[in-house]
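Residue numbering for the sequence shown follows my numbering, starting at 28 and increasing by one per position. Here the structure is laid out as C-alpha cells; the discussion comes afterwards.
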Amino acid sequence: MIAVLTGDIVNSRKGETKNWLTALKNVLSHYGAEPKDWEIYRGDSFQLSVKPENAFIAAIHIKAEIKTTTSLDVRLGIGLGEETHKADKITESNGSAYQLSGEGFDLLKKQTLAFKLHNKELTQELNLMLALLLLTADRWSNTVAEVIKTVIEHPEKNQQEIAQILNKSQSNVSEALKRGGFEEIMNMNKFYQAKISVL
C-alpha cells in the first residue's frame with residue numbers, strides 16, 4: 028500500500044509564481060526525488076507519493092510551507108491504495124492509490140484536504156476529523172505556519188531549539204503552536220497511523 032497526494036495551489040494566479048513554486052519544490056523534496064516521487068505539472072498542480080504512515084503529516088507540512096511564504100493555500104486529495112505500475116515519472120505511475128487520490132481531489136469543494144480509501148467508513152471518519160482541524164489550519168497566519176513547518180522539519184528539537192532556529196522567543200513558539208492547533212494535529216496523526224496500520 029502507498030499514499031498518493033494530488034494537489035494544486037489555490038488562487039495561484041494571485042500570487043507571485045516564483046514564491047510559491049520555490050516553497051512547493053522545497054517541501055516536496057523532503058519526501059523524495061523529482062520526478063520519480065513527486066512532480067509539478069500543468070503549472071500549479073502536483074503529485075507526491077509517500078509511505079501511508081507519512082501521508083497526513085506530509086499534507087500538513089505542504090500546507091504550512093505554502094502558507095509560510097505566501098497568502099495562498101493548497102488543496103490536496105490523499106489516496107491510499109495499491110501501486111500497480113511504478114514509472115520513472117510519478118505522473119505516469121498507476122494503481123488504485125493514484126485513482127483514489129484523483130477522486131479525493133475532485134471531491135474538494137469547500138474543504139482543502141480530503142482522504143479517499145477503499146474503506147468508506149474510515150474515509151468518512153478521517154474526513155470528519157479533517158473538517159474540524161481545517162477550521163483552524165485554513166486560517167493559519169504566516170507566523171503560525173512557519174512555526175508548524177519548522178517543528179515538522181525538526182521533530183527531534185524542543186521548543187527552545189525551534190525558537191533559536193526561528194529567532195523567536197520560546198513563548199512565541201509555544202503560542203503559535205497553540206493557535207495553530209499543533210497538539211490536535213499530532214493527536215490526529217497518531218489516530219490516523221493507528222487506523223491505517225491495521226488495513
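The C-beta atom is built at its ideal place from N, Cα and C for all residues, glycine as well. These figures come from a predicted structure and were not determined experimentally.
**Item:** Proximity to SER123 [Cα-Cα], best of ALA141, LYS116, THR95, HIS145
**Value:** Taking the sequence shown and counting its residues from 1, the one referred to as residue 123 is at position 96. The shortest Cα separation from SER123 among ALA141, LYS116, THR95, HIS145 belongs to HIS145.
**Message:** Quick check on the DSSP output: the alpha helix (DSSP H) that includes THR150 runs from which residue to which?
**Reply:** Within the sequence shown, the letter at position 123 stands for residue 150. If you look at THR150, you'll find it in the alpha helix (DSSP H) that goes 147-164.
**Request:** Sort ALA203, LYS116, LEU48 by Cα distance to SER76 and report the nearest one.
**Result:** Stepping through the sequence shown from its first residue, residue 76 is reached at position 49. Ranked by how close their Cα comes to the Cα of SER76, the residues ALA203, LYS116, LEU48 have LYS116 in first place.
**Prompt:** Can the beta-carbon of SER120 be found less than 8 Å from the beta-carbon of LEU32?
**Reply:** To locate residue 120, count along the sequence shown from 1; it is residue 93. To locate residue 32, count along the sequence shown from 1; it is residue 5. Going by C-beta atoms, SER120 is not nearer than 8 Å to LEU32.
**At least 3 beta-carbon pairs within less than 8 Å: the segment 184-204 vs the segment 148-158** = No, because fewer than three Cβ pairs between the segment 184-204 and the segment 148-158 fall closer than 8 Å, the two stretches do not touch.
**Message:** Does ALA30 come out as helix, strand or coil in the three-state DSSP assignment?
**Reply:** Here the question's residue 30 lines up with position 3 in the sequence shown. The answer is strand: DSSP assigns ALA30 an E or B state.
**Prompt:** Going by alpha carbons, who is nearest to GLU67 out of ILE212, THR49, LYS222?
**Reply:** Along the sequence shown, read from residue 1 onward, the residue named residue 67 stands at position 40. Looking at the sequence itself, residue 67 is Ile, so the reference to Glu does not match. Of the candidates ILE212, THR49, LYS222, the residue whose Cα lies closest to the Cα of ILE67 is THR49.
**Prompt:** Given that a residue counts as buried once 16 or more other Cβ atoms are within 10 Å of its Cβ, and exposed if not, what is GLY131?
**Reply:** As a position in the sequence shown, residue 131 is number 104, starting the count at 1. Result: buried.
**Asked** Which of helix, strand or coil does DSSP assign to ASP35?
**Response** Here the question's residue 35 lines up with position 8 in the sequence shown. Correct three-state label for ASP35: strand.
**Prompt:** Residue range of the alpha helix (DSSP H) that LEU127 falls in?
**Reply:** Position 100 of the sequence shown, counting from 1, holds the residue named residue 127. Secondary structure note for LEU127: its alpha helix (DSSP H) is the uninterrupted segment 123-133.
**Request:** Drop a sphere of 10 angstroms on the beta-carbon of ASP71, count the other beta-carbons inside from all chains shown, and report buried for 16 or more, exposed for fewer.
**Result:** Here residue 71 is taken as the residue at index 44 of the sequence shown, counted from 1. Buried.
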